[in-house]
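Undergrad: Residue numbers (mature numbering (1 follows the signal peptide of the UniProt record, and there is no 0)): -22 to -1, 1 to 113.
Could you have a look at this structure, given as structure tokens, before my questions?
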């Protein structure tokens, strides 16, 4: 029993850096995704000053204060559903593109659930990146 506990503890210590590296990789992928999909409106820095922002009928929000506007806690679920955009209400019209649908369509080489998983992975990497740039 003691040997099993030591083994499990050692395994946890060994895998901890792997989890951190995976999170770093998700943030890096999210940054790349952000620069392609979001920076046009929200700006490279996330301040809402992208080259397309002046062409919109709304003020493009800064993405740097999402945690600040939520009492210091990053609103994962709200950010994820906003980016995805496939919920019933937003799908009928929004100022922001419906990225979940676009990401899924771009994964057409995948089939069925795999395309959905690719779309969700891209959205999740964006969420991790946005969390990493909070003030």
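By construction, the Cβ of each residue, glycine as well, lies at the ideal position given by its N, Cα and C atoms.
CA-CA distance, residue 84 and residue 113?
TA: Residue numbering aside, residue 84 sits at position 106 when the chain shown is read from its first letter. Residue numbering aside, residue 113 sits at position 135 when the chain shown is read from its first letter. Using only the alpha carbons, I get a separation of about 32 Å.
Undergrad: What's the call for residue 100, buried or exposed, on a 16-neighbour Cβ count within 10 Å?
TA: One-based indexing of the chain shown puts residue 100 at position 122. Buried, since its Cβ has 16 or more Cβ neighbours within 10 Å.
Undergrad: Helix, strand or coil for residue 3 per DSSP?
TA: If you number the chain shown from 1, residue 3 lands on position 25. Of the three classes helix, strand and coil, the one that applies to residue 3 here is helix, per DSSP.
Undergrad: Determine, using beta carbons only, whether residue 30 and residue 19 come nearer to each other than 7 Å.
TA: In the chain shown, the residue the question calls residue 30 occupies position 52. In the chain shown, the residue the question calls residue 19 occupies position 41. Yes. Within cutoff.
Undergrad: Which first and last residues belong to the alpha helix (DSSP H) in which residue 102 is found?
TA: The residue labelled residue 102 in the question sits at position 124 within the chain shown. Counting along the chain, the alpha helix (DSSP H) containing residue 102 begins and ends at 91 to 110.
Undergrad: With a threshold of 6 Å on Cβ separation, who are the neighbours of residue 41 within its own chain once the five nearest residues in sequence on each side are excluded?
TA: Locating residue 41 in the chain shown gives position 63, counting from the first residue. 20, 24 and 108, listed in sequence order.
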